[in-house]
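Trainee: Quick one: this structure, given as structure tokens, is what I'll be asking you about.
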Amino acid sequence: MPHINIVLCEPEIPQNTGNIARTCAATGASLHLIRPLGFEIDNAKLKRAGLDYWDKLDITFYDGLEDFFSKHPDACVYYFSTKAKHKYSDIKYPEESWIMFGKETRGLPEELLFKNPDTSVRIPMRDSLRSLNLSNSVAIAVYEILRQSDFEGLRVDGELTAFSWE
8 MPHINIVLCE
18 PEIPQNTGNI
28 ARTCAATGAS
38 LHLIRPLGFE
48 IDNAKLKRAG
58 LDYWDKLDIT
68 FYDGLEDFFS
78 KHPDACVYYF
88 STKAKHKYSD
98 IKYPEESWIM
108 FGKETRGLPE
118 ELLFKNPDTS
128 VRIPMRDSLR
138 SLNLSNSVAI
148 AVYEILRQSD
158 FEGLRVDGEL
168 TAFSWE
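First residue of the sequence shown? That's 8 in this note's numbering, and the numbers climb one at a time after it.
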């Protein structure tokens with residue numbers, strides 16, 4: 008089963024981080040938050056968006072990008088950005104995947120993208136729009152990685168409440 012590490016660099020909107028936390032809980036992904044954050048971690052909107060899944064999270068905090076990279080020097084990070092040249096779906100993600108997303112208003116630092124052109128990826132979209140919502144972008148990336156492993160370790164069949172599929 009792949010292990011996905013979702014890295015949010017200076018997220019600003021608590022509801023997005025809460026939604027991403029819920030995605031982490033549902034998929035077994037780890038959440039890494041790089042400070043400064045645009046909210047307090049006990050923010051009511053953050054808690055509400057993550058519902059009652061906070062106790063099911065593997066969450067780590069870092070004091071800036073340097074702190075993150077010093078603690079994970081060998082991580083092969085894929086940088087998601089509207090400024091990248093490669094499509095996210097063209098990548099064969101490794102078993103231990105690290106996917107990084109920038110702040111909602113500015114994305115990741117361009118210097119970081121410039122230094123990592125082969126692992127900077129984008130989600131295709133129309134030219135006339137700035138970007139997708141952060142939590143939607145994270146979900147797209149996570150489920151692409153899971154799809155590549157045929158959703159190993161996750162429940163793939165659903166059950167009806169009032170009826171039976173059989």
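All C-beta atoms in this analysis are idealised placements derived from N, C-alpha and C, irrespective of residue type, glycine included.
(1) Apart from the five residues on each side of it in sequence, which residues of its chain come closer than 7 Å, Cβ to Cβ, to Glu103?
(2) Using the DSSP secondary-structure output, state which residues sit across from Ile41 in a beta bridge.
(3) Residues in the same chain with beta-carbon distance under 8 Å from Glu17, minus the five sequence neighbours each way, listed in chain order, please.
(4) Could you give the residue range of the alpha helix (DSSP H) that holds Ser144?
(5) On the three-state DSSP scale, how would you describe Gly25?
(6) Who does Ile11 pair with in a DSSP beta bridge?
(7) Under a three-way DSSP split, which group does Ser135 fall into?
(8) If contacts are defined as beta-carbon pairs under 8 Å, then Tyr60 and Ala91 qualify, I think. What distance do you get, rounded to the angstrom?
(9) Please report the straight-line C-alpha distance between Gly25 and Ser142, rounded to a whole angstrom.
(10) From Leu139, Leu119, Arg137 and Ser144, pick the residue whose C-alpha is nearest to that of Leu72; which is it?
(11) Give a yes or no on whether the C-beta atoms belonging to Trp105 and Val128 are separated by under 7 Å.
(12) If you check the beta carbons only, do Tyr181 and Ile152 fall under 7 Å apart?
Mentor: If we stick to the structure as given:
(1) In the same chain as Glu103, and ignoring 5 residues on each side of it, the C-beta atoms closer than 7 Å to its own belong to His10, in chain order.
(2) In DSSP, Ile41 forms a bridge with Cys16 and Tyr69.
(3) Residues of the same chain with a CB within less than 8 Å of the CB of Glu17, apart from the 5 flanking positions on each side, are Ile41, Arg42, Pro43, Leu44, Gly45, Gly109 and Lys110 in chain order.
(4) Run containing Ser144: Leu141 to Gln155, per the alpha helix (DSSP H) assignment.
(5) Helix, per DSSP.
(6) DSSP, once it has assigned bridges, lists Ser104 as partnering Ile11.
(7) Ser135 sits in coil when the DSSP states are folded into three classes, being neither helix nor strand.
(8) Not a contact, Cβ separation roughly 30 Å.
(9) So the two alpha carbons sit approximately 9 Å from each other.
(10) A check of alpha carbon separations from Leu72 across Leu139, Leu119, Arg137 and Ser144 identifies Leu119 as the nearest.
(11) The Cβ atoms of Trp105 and Val128 do not sit closer than 7 Å to each other.
(12) The structure shown does not extend to residue 181, since the chain spans only 8 to 173, so no value can be given for it.
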